[in-house]
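J.:
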Amino acid sequence: MSVANLSMKGEQKPGPTGVPYVTPLKDLCVRVVSQNFEERPHFGRLPDIFVRKIIEGLDIDLPLELVGTVIHDENYWKRRCCARWKNCQVTGHGISWKQLYFERNVENAMERYDPQTTEINALKRLFAFSKKFVRSVCITQLPSHLDLQLLFDNMASCLTSLSLTYGMMNVGMDYDRSLFGMKLSDCRSLAKALERTETLTYLNLSGNLLDDEKVRMVASGLVDNLSVTHLNLSHNKIADRGVRALAKLLDSKSVIGMLELADNQVHTEGGRALARALRANHSLLALNLRLNRIGDEGGRALCDVLRSNTSLQRLNLGANELSHLTALSLAALIGTNSTVLDIDVTSNNFGPEGGKQIREALEDNRTVRKIDLRLCNIGTDHETAIMELVKAHGAGIDFNQMGHAGYTIHHR
8 MSVANLSMKG
18 EQKPGPTGVP
28 YVTPLKDLCV
38 RVVSQNFEER
48 PHFGRLPDIF
58 VRKIIEGLDI
68 DLPLELVGTV
78 IHDENYWKRR
88 CCARWKNCQV
98 TGHGISWKQL
108 YFERNVENAM
118 ERYDPQTTEI
128 NALKRLFAFS
138 KKFVRSVCIT
148 QLPSHLDLQL
158 LFDNMASCLT
168 SLSLTYGMMN
178 VGMDYDRSLF
188 GMKLSDCRSL
198 AKALERTETL
208 TYLNLSGNLL
218 DDEKVRMVAS
228 GLVDNLSVTH
238 LNLSHNKIAD
248 RGVRALAKLL
258 DSKSVIGMLE
268 LADNQVHTEG
278 GRALARALRA
288 NHSLLALNLR
298 LNRIGDEGGR
308 ALCDVLRSNT
318 SLQRLNLGAN
328 ELSHLTALSL
338 AALIGTNSTV
348 LDIDVTSNNF
358 GPEGGKQIRE
368 ALEDNRTVRK
378 IDLRLCNIGT
388 DHETAIMELV
398 KAHGAGIDFN
408 QMGHAGYTIH
418 HR
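Numbers in our numbering are just positions in the sequence shown, counted from 1, shifted up by 7.
(1) Give me the residue from Ser143, Gln156, Leu65 and Val352 with the minimum Cα distance to His100.
(2) For Val39, does the three-state DSSP call read helix, strand or coil?
(3) Can you tell me which of Ser227, Leu191, Thr98 and Phe50 puts its alpha carbon nearest to the alpha carbon of His79?
(4) Is the distance from the Cβ of Val375 to the Cβ of Val397 below 8 Å?
(5) How big is the Cα-Cα spacing for Ile127 and Tyr120?
(6) Relative to the alpha-carbon of Asp193, which residue among Val178, Asn177, Leu171 and Arg203 has its alpha-carbon at the smallest distance?
(7) Let me make sure I understand the geometry here. Which of Leu71, Thr343 and Leu238 has the alpha-carbon closest to that of Phe136?
(8) Taking Leu209 as part of the beta strand (DSSP E), name the residues at either end of that continuous run.
(9) In the structure shown, what three-state DSSP assignment does Lys85 receive?
(10) How about Ile365 and Ala334: do their beta carbons lie closer than 8 Å?
(11) Residues in its own chain within less than 8 Å of Ala399 by CB, not counting five upstream and five downstream?
(12) Have a look at the DSSP bridge pairing and note the partners of Glu267.
(13) At a cut of 8 Å, does the region 208-223 reach the region 175-186 through at least three beta carbon pairs?
(14) My guess is that Met265 and His237 are in contact by the Cβ rule of under 8 Å, so how many angstroms apart are they, rounded?
(15) Quick check on Asp55: does DSSP put it in helix, strand or coil?
(16) Determine the extent of the alpha helix (DSSP H) in which Lys199 is found, giving its start and end residues.
(17) With DSSP as the reference, identify every bridge partner of Ser143, one or two as the case may be.
(18) What's the C-alpha gap between Arg132 and Lys260?
(19) Does Asp351 come out as helix, strand or coil in the three-state DSSP assignment?
(20) Return the CA-CA distance between Glu46 and Asp258, expressed in angstroms with no decimal places.
(21) Among the residues of its own chain, which have a CB less than 6 Å from the CB of Ala254, if the five just before and after it don't count?
(22) Please classify Cys88: is it buried, with 16 or more other beta-carbons within 10 angstroms of its beta-carbon, or exposed?
(23) For Leu319, which of helix, strand or coil comes out of DSSP?
(24) Determine which residues share a DSSP beta bridge with Lys255 and list them.
(25) What separation, rounded to the nearest whole angstrom, lies between the Cα atoms of Leu369 and Val347?
(26) Using the three-state DSSP reduction, which class does Asp181 fall into: helix, strand or coil?
(27) Could you check if Trp84 is buried or exposed, using at least 16 other CB atoms within 10 Å of its CB as the buried criterion?
(28) Classify Gly75 as buried or exposed, calling it buried when 16 or more other Cβ atoms lie within 10 Å of its own Cβ.
(29) Whose C-beta lies closer than 7 Å to the C-beta of Leu229 among residues of the same chain, with five residues either side of it excluded?
(30) Is it right to say Asn215 is buried, meaning 16 or more other beta carbons lie within 10 angstroms of its own, or is it exposed?
(31) Going along the chain, which residues of its own chain have a beta-carbon closer than 8 Å to the beta-carbon of Leu65, five neighbours each way excluded?
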């Protein structure tokens, strides 16, 4: 379309003064550049004010490979995001609309990939082009059981966060048990990929029906890994054998700072294995064993080892079938350790005697900023006294904003 044609369309009927309005030439030029941007994708030496106007007029359906390298304006990417998805939040995407678009586009492509209808080379091209803009990938379903090495072949040097859930959304009456959970082949593929990554810091495999054999396979890929600092394996079927494999990762060379094993099948031996590992470990800042069954022997072993530990800040042993025997060890931990800040032991049966011991230990402790003893049967008097003691310790401190020595605790 020529400028001359646009000029005629830009003319309007005479106004009240009898003088017709003619669209300025610069506006016509901006319109022409916007409408033909796919053929000539560059701005030359135009001033920023005209570049912004051209971008405002760009179609949001332009090829991604075209605009990805040329358009950096956040307003354009916000328009594309909001037109394609609902409830877009840039918080988990580097506070960038462009990063959000590329990350969700990759996620959608992986979740909807069907080897019978989609060419694998098309997916490879998408990964190769998107790697410059993708840092975090969160997969909520993966029915194709795509080989994860395909993702890491292109993004091993840029991916920092990976969340995987092997399932199927909105299955309705087509439910099939085999669609849910990681297979051993998936774990093997991930393990090989983890051996190569140097930038991945957060790995979330929660809710994937991981058992001991599968988690041992994943752990084999983390033996020499020096990048993953936050490992979330909650809501699986990991028992003592699997925990022993994970405990071997927590040696003196470990960089894992946060380990989440909530809602698994960890018993006494698993608790003991973690306790032995923590004797030489100096990296772990947070350990979550909520909703397991480590019992008093496992609980006491952990508390006894942590008395001399100088790194762990957060400990969660909620709902682990602990009694007043573990409460005594916990009291000894509180009385000697000056590193632990946050303790959660809810839903255990400490009884009044256990509550008394913990209360007395807190009277001499000035470090603990938060302790949760709800549903521990320690009595209202002890609960109130402990709450007041901890409140005095944490005066002026908002623990929820403290984080873990630089570790990001917000993930998608």
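Every residue gets a Cβ at the ideal spot worked out from N, C-alpha and C, and that includes glycine.
T.: On the basis of the coordinates in this document:
(1) Ser143
(2) helix
(3) Phe50
(4) yes
(5) 9 Å
(6) Leu171
(7) Leu71
(8) In the sequence as displayed, the identity of residue 209 is Tyr instead of Leu. Run containing Tyr209: Tyr209 to Asn211, per the beta strand (DSSP E) assignment.
(9) helix
(10) yes
(11) none
(12) Asn239 and Asn295
(13) no
(14) 4 Å
(15) helix
(16) Leu191 to Leu201
(17) Ser168
(18) 37 Å
(19) strand
(20) 57 Å
(21) Ala280, Leu281 and Ala284
(22) buried
(23) coil
(24) Paired residues: none, contrary to the question.
(25) 12 Å
(26) helix
(27) buried
(28) buried
(29) Leu201, Val235 and Leu256
(30) buried
(31) Ser41, Phe44, Val74, Ile78 and Tyr83
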